[in-house]
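Working notes, structure below.
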Amino acid sequence: MILGQRIRLWALERFDVSQNYHWANDPELIYLTGMNPNPKSLVDIERWFDNVCNNNNQRMFTIKTQDGEYLGNIEIGDIDWRVGRGEIGLLVGERRFWNQGYGSEAIELMVNFAFEELRLHRIEARVLTHNTRAQRVFEKCGFVREGILRGSHFVAGKHLDVVVYSLLGTDERPQTQAAAATLLETETEAAPA
Ligand SMILES: CC(C)(COP(=O)(O)OP(=O)(O)OC[C@H]1O[C@@H](n2cnc3c(N)ncnc32)[C@H](O)[C@@H]1OP(=O)(O)O)[C@@H](O)C(=O)NCCC(=O)NCCS
C-alpha cells in the first residue's frame, strides 16, 4: 500500500470489481476518458480484472481515502522495461471527489512510485483535447505538453485530437501533498467480512 496525505493507493481486489462496472458504463466518464463505449457486463469487468492481475507491463492501484472510501483507479500501463517508459492514466469515478486535489495527489504518488520503485525514466500521459480538467491536473503535476496527435482517438462517432504529455525522472516536479507520503511495503487490503 502506498500512503499519501489524504489517500492511499491499494492493489486492485476482486471486491472492487462491482464499482468498476458502474464507472465503465458511465457515459460522462466514457466521454472524458475515451474508454471503450460498448456497454459492459459484469463478466466483461471480471475479465478486465483478470487481465490487470496477469499483465506484468501494467501496475494498477485503487485510490481510496484514509477511511477506505473508494474514489477511483490509477495505473501505469504499456510499460517498456528496456526503455524505461510507461503511460499513466487515472479515473476519479466518484464525482463528489472531483476538484479537491485527490487526482493530483494520486498522480504524485504514482509518479514517485514509477520513478523510484519501478525505475522508469519517462512517463507519458494522453488526454483528449476536450478534457481540460485532466490537462490542468497533469500540468499542475509538472508534466510537459509535447504536442497533439490529430484525430488519433474515436469516441461517439467522431475522431478526436489527443494531447500528449511527458514527465522524465530528471525533470523538476512540484512536491505538494504527496511530498509527505511514505512508501510502505505492498500489502493487500483485508477482504470485507
Ligand atoms: C481528471 C481527474 C483525474 C482530476 O482529478 P481531480 O481530483 O478532480 O483534480 P484536482 O482537484 O487535483 O485538480 C483539478 C484542477 O483542474 C481545475 N479544473 C476544474 N475544472 C476544470 C476545467 N473544466 N477546465 C480546466 N481546469 C479545470 C481545478 O481548478 C484544479 O486546478 P487548480 O488546483 O489549479 O485550481 C478527475 O476529475 C477525473 O477522474 N475525472 C473524470 C475522468 C477523467 O477525466 N480522467 C482523466 C482521463 S485522462
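Per this note's numbering, residue 90 is the first one in the sequence shown, and the count goes up by one each step. In this text, a Cβ means the ideal position worked out from N, Cα and C, and glycines have one as well.
A Cβ-Cβ separation of about 20 Å leaves THR218 out of contact with VAL181 under the 8 Å criterion. In the three-state DSSP reduction, TRP112 falls in the helix class (H, G or I).
Per DSSP, the beta bridge partners of GLY178 are GLU164.
In this structure ARG103 touches PHE138 by the C-beta definition: roughly 6 Å separates them, less than 8 Å.
Between VAL216 and TYR159, the CB-CB gap reaches or exceeds 8 Å. Around the C-beta of PHE243, fewer than 16 other C-beta atoms lie within 10 Å, and the residue is accordingly described as exposed. Taking the Cβ of TYR159 as the reference point, every heavy atom of ligand 1 lies at 7 Å or farther away. By the C-beta density criterion, ASN140 is exposed, having fewer than 16 other C-beta atoms within 10 angstroms.
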